[in-house]
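Letter by letter, the sequence shown follows residues 265 to 392 in the working numbering.
Backbone N, C-alpha and C define an ideal beta-carbon position, used for all residues, glycine too.
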Amino acid sequence: MGTTTAERPSGFDAFNALCPSRRLLDTIGDKWVSLAIVALGLRGPLRYSELASQIEGVSQKMLTQSLRKMERDGLLIRTVTPSVPVRTDYELTPLGQTLLPVLGHLKAWAEEHMPEVDAARTAYDGRP
265 MGTTTAERPS
275 GFDAFNALCP
285 SRRLLDTIGD
295 KWVSLAIVAL
305 GLRGPLRYSE
315 LASQIEGVSQ
325 KMLTQSLRKM
335 ERDGLLIRTV
345 TPSVPVRTDY
355 ELTPLGQTLL
365 PVLGHLKAWA
375 EEHMPEVDAA
385 RTAYDGRP
């Protein structure tokens, strides 16, 4: 049997439609957020342009939105250095770093099992 919300140490239950942890899962489950976390975890602090070049295909708008969500949730620190041009660096907080093992494994799993997934997709798409 499952545990009740009262039995959970945090008191949160993502299976509950009203639980605020669902919003956090939305953020963490976003591909741009998860890739940004892994990139920052592997490379350390990065400037915006360096991060954008690490994550091919992300638009400026989506990267900016993702970074703002991450900052709001306490997953990264944004440091602005007044210079010409202004320098903005991003780095994971200790809280953000706790996601590295999970998201790093998820990225590695996706890369390792992509041939099997492609085969399953091809078989599914070929069904009558």
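First through last residue of the alpha helix (DSSP H) which encompasses residue i
| i | result |
| --- | --- |
| LEU327 | 324-336 |
| ASP290 | 285-293 |
| LEU363 | Neither: LEU363 is in no alpha helix (DSSP H) and is coded neither H nor E. |
| ALA316 | 312-318 |
With 16 other Cβ atoms within 10 Å as the buried cut-off, status of residue i
| i | result |
| --- | --- |
| MET265 | Annotation note: pLDDT 45 at MET265 (below 50); position unreliable, coordinate value reported separately. Exposed, by the Cβ-count rule. |
| LEU331 | buried |
| ALA300 | buried |
| GLY360 | buried |
| THR269 | Only weak support is given to the placement of THR269: the predicted model assigns it a pLDDT of 47, under 50, and the question is left unresolved by the model. |
| LEU289 | exposed |
| LEU282 | exposed |
Beta-carbon separation (whole angstroms), residue i vs residue j, contact threshold 8 Å
| i | j | result |
| --- | --- | --- |
| LYS333 | VAL297 | 6 Å |
| LEU363 | ILE319 | Incorrect: roughly 16 Å between the Cβ atoms, too far for contact. |
| GLY305 | GLY368 | 7 Å |
Closer than 6 Å: residue i CB and nearest the ligand GDP heavy atom
| i | result |
| --- | --- |
| GLU376 | Inclusion of the ligand GDP in the displayed structure is not the case, the ligand content being empty and no account of it being possible. |
Residue range of the beta strand (DSSP E) that includes residue i
| i | result |
| --- | --- |
| LEU339 | Counting along the chain, LEU339 falls outside any beta strand (DSSP E), and DSSP gives it neither H nor E. |
| THR352 | 351-356 |
Pair every Cβ in the segment 306-317 with every Cβ in the segment 349-366, then say whether three or more of these pairs are closer than 8 Å.
These segments touch.
With three or more C-beta pairs closer than 8 Å as the rule, is the segment 298-309 touching the segment 332-346?
In short, these stretches touch, since the Cβ pair count reaches three.
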